[in-house]
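Here the sequence shown stands for residues 295 to 411, where the numbers follow my numbering. Notes follow once the structure below has been shown.
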Amino acid sequence: MNDSVKEYVVEKVKDLIAAPTCCAETREAAQSWLDAVGSEQEAEQTKKLIAELEMDLVPIDGLIAFAGSENGVQVFGPEKAKEVVAHAKEIKAAGAKYCDCPACAAAQAILEKKDAL
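What follows is the structure, given as structure tokens:
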């Protein structure tokens, strides 16, 4: 991977770790990747990070379904769940394929570079 891609991905991985919407498993995979950058473990950790991101990136229809469900109401609260559904429908209408929360946005940015990793 060239230095500019590596710098970009390192910054996005740091954004991912700092995102309040990042789950513990993804945060752990991201930190393991950061710890492995420049070592003989980098390739293995890169594969693990990509697999975790692909599994956790939330499709926009999944976000709409979850936020509109009883579980979504329990997680977000009734008013915030309605806001999330409305926002998700709005960004879907504008062409979004995935959730745009900070964790998903960072994951998307990293996955866009996966072929260069």
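Every residue, glycine too, gets a C-beta built ideally from N, C-alpha and C.
message: Could you tell me the alpha carbon to alpha carbon distance between Val369 and Lys308, rounded to whole angstroms?
response: Using only the alpha carbons, I get a separation of about 25 Å.
- request: Please name the residue in Glu346, Ala390, Ala410 whose C-alpha comes closest to that of Ile358.
  value: It is Ala390 whose Cα lies nearest to the Cα of Ile358.
field: Residue interval of the alpha helix (DSSP H) (run including Pro396)
entry: Start and end: 396-405.
query: Are Glu346 and Ala375 close, meaning C-beta to C-beta below 7 Å?
result: Contact: no.
query: Along the chain, which unbroken stretches of the beta strand (DSSP E) at least 3 residues long are found entirely within the stretch 354-388?
result: Counting whole runs of 3 or more residues, the stretch 354-388 contains no beta strand (DSSP E) stretch at all.
- prompt: Is the stretch 303-318 touching the stretch 399-409, taking contact as three or more C-beta pairs under 8 Å?
  reply: Taking one beta carbon from each stretch, the stretch 303-318 and the stretch 399-409 have 3 or more pairs nearer than 8 Å; the two touch.
- prompt: What whole-angstrom Cβ distance do Thr340 and Leu411 have, given they're in contact under 8 Å?
  reply: 5 Å between Cβ atoms; contact.
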